[in-house]
Amino acid sequence: MLKSFDIYSQNNILKIIVALNLLLVGTGSLLYTDRLISKLEIREQQYVQLYAKAIGYLVDTSHVDAGDLNFVTSEILEANKTIPAIYISPDGQIAMQRNIDIPVNQTPEETRQFLRQKTYEMRKNHMPIVVEIGKGERGLVYYNNSRLLRQLTYFPYALLTILAALSVLAYLAFSSSRRAEQNRVWVGLAKETAHQLGTPMSSLMAWVEYMRSDPEQFDGSITDEIEKDVQRLETITARFSSIGSVPTLKEEDVNEVVRQFTDYLARRISTKVKMSVTSQLPPGHMVKINKLLFEWVIENICKNAVDAMKGVGELRLNMVSLPHQEVAIDITDTGKGISKATMQKVFSPGFSTKKRGWGLGLTLAKRIVEEYHNGRLFVKSSEVGKGTTFRIVLNGK
Ligand SMILES: Nc1ncnc2c1ncn2[C@@H]1O[C@H](COP(=O)(O)OP(=O)(O)OP(=O)(O)O)[C@@H](O)[C@H]1O
Ligand SMILES: [Mg+2]
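Here the sequence shown stands for residues 1 to 397, numbered as in full-length UniProt numbering.
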């Protein structure tokens with residue numbers, strides 16, 4: 001059974017709801033503006049028809065004496081301040097144009113050329129409107145959508161982009177506050193555990209001292225064993241108290257630290273696991289670490305490796321130097337491997353495939369390496385049934 005904390009599935013539902021809303025608002029505004037655009041287009045067309053009619057009256061010489069009418073038509077022609085239009089007279093000449101940005105410094109011929117080109121472009125969008133000028137003669141008015149209408153076409157896309165940007169921002173804000181909250185819980189829990197363990201620990205230490213002082217009554221070898229366990233408890237307490245506060249980093253000889261600690265671990269794990277440590281680092285290579293926490297990382301990864309091998313196999317640690325003064329510690333096992341699908345999850349808190357696993361070991365290790373040591377921890381390679389290599393990268397500077 002795979003376990004995972006509820007907050008993650010809830011978070012996914014929230015994400016889906018937000019995405020659906022976004023989609024709804026997006027398509028809604030798209031449909032709405034689409035309707036608006038087609039309505040406006042009809043209105044603009046009607047307007048151009050009127051405009052064309054006005055031109056017809058104006059150029060039809062039989063109306064010239066009708067002064068009032070002339071006034072009305074020129075009013076209509078002047079009133080068009082938004083729709084680009086070109087009037088081609090019956091003899092094929094460009095006789096009038098409105099609302100077209102003609103490039104400056106052009107010869108009249110170039111301008112004519114430019115306007116002709118415009119009529120071709122306009123024709124692609126709208127069929128020209130016929131202007132009847134009596135005597136069976138016909139002119140044509142070419143036109144385009146007004147600037148307003150063109151802007152409106154982009155509106156839903158602009159809106160969608162803004163909405164998407166806003167939701168990304170909201171998501172980032174939300175997840176960072178969630179992370180901050182997790183951090184507080186995590187650090188608080190660690191501090192509290194260390195604090196609580198403190199009292200029984202010092203009392204146990206006192207008991208050990210007492211037993212030592214009376215070797216007749218208390219068997220010395222038993223006292224030794226108890227003392228070892230108390231020391232182990234002390235290490236655990238010290239680890240918890242270190243992650244509860246900002247740990248201090250010290251220059252340490254990584255080769256030495258890893259070797260010493262794996263010696264200690266080797267004594268505590270199954271003899272059927274063959275442990276080896278190799279290093280391509282120069283002897284005495286110093287790296288800034290917090291020894292106590294770094295050992296915890298190694299322990300977590302090695303314990304997982306032993307679990308993955310069911311207590312039988314090979315566990316190799318290898319240290320190499322990387323460019324930019326970085327140091328890598330590769331921990332390779334011959335265990336069951338990690339499938340591509342679970343690769344993403346192994347560092348998530350609560351993810352465990354073990355009966356008695358909390359799924360915290362790797363989360364903690366990653367935190368210690370990345371947040372306290374400014375390093376990286378990742379699965380370097382893994383093959384199901386063959387084994388896995390975890391890599392810790394430490395900043396050598
Ligand atoms: N070397 C490995 N080979 C194969 N699977 C691994 C290896 N290391 C980790 N895993 C997988 O990643 C999961 C998470 O590991 P993690 O150490 O975070 O938790 P855990 O070991 O299950 O529990 P605990 O909190 O006790 O450490 C494991 O349950 C296991 O499925
Ligand atoms: Mg573990």
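The beta-carbon is built from N, C-alpha and C at its ideal position, and this holds for glycine as well. These numbers come from a predicted model, not from an experiment.
query, result
"Which listed residue (Ala206, Leu281, Asn300) has its alpha carbon closest to that of Leu322", "Leu281"
"Collapsed DSSP secondary structure at Val277 in the structure displayed", "strand"
"Cβ-Cβ separation, Thr334 to Gly387 (assumed contact under 8 Å), whole Å", "4 Å"
"With 16 other Cβ atoms within 10 Å as the buried cut-off, status of Val185", "exposed"
"Minimum C-alpha distance to Glu121 - residue among Lys272, Pro84, Asn105", "Pro84"
"Burial state of Asp6, where buried means 16 or more other Cβ atoms lie within 10 Å", "Bear in mind that a pLDDT of 49 at Asp6, under 50, signals an unreliable position, so the number given afterwards is only what the model happens to contain. The residue is exposed, with fewer than 16 neighbouring Cβ atoms inside 10 Å."
"Proximity to Tyr171 [Cα-Cα], best of Glu371, Asn105, Ala19", "Ala19"
"Secondary structure of residue 398, DSSP reduced to three states", "Residue 398 is absent from the model: the chain starts at 1 and stops at 397."
"CB contact flag (Asn375, Val384, <8 Å)", "Going by the sequence as given, residue 375 is Gly instead of Asn. In this structure, Val384 does not lie closer than 8 Å to Gly375 by Cβ."
"Beta-bridge pairing of Val320 - partner residues as DSSP gives them", "Ala328"
"Element boundaries [alpha helix (DSSP H), containing Ile298]", "291-308"
"C-beta contact flag for residue 404 and Val273 at 8 Å", "Since the displayed the chain opens at 1 and closes at 397, residue 404 lies outside it and no answer follows."
"Nearest-angstrom beta carbon gap, Thr73 and Leu152 [assumed within contact, 8 Å]", "Contact flag wrong, Cβ pair sits at about 29 Å."
"Whole-angstrom distance between Arg316 and Asp307, CA atom to CA atom", "15 Å"
"The segment 112-128 in contact with the segment 175-189 per 3-pair CB rule at 8 Å", "no"
"Shell residues, 5 Å Cβ cut-off relative to heavy atoms of ligand 2", "Asn304, Gly361"
"8 Å Cβ shell around Gly198 - same chain, five flanking residues per side excluded", "Thr237"
"Rounded Cβ spacing between Ser242 and Asn304 (contact assumed at less than 8 Å)", "Rounded, the Cβ-Cβ distance is 21 Å, inconsistent with contact."
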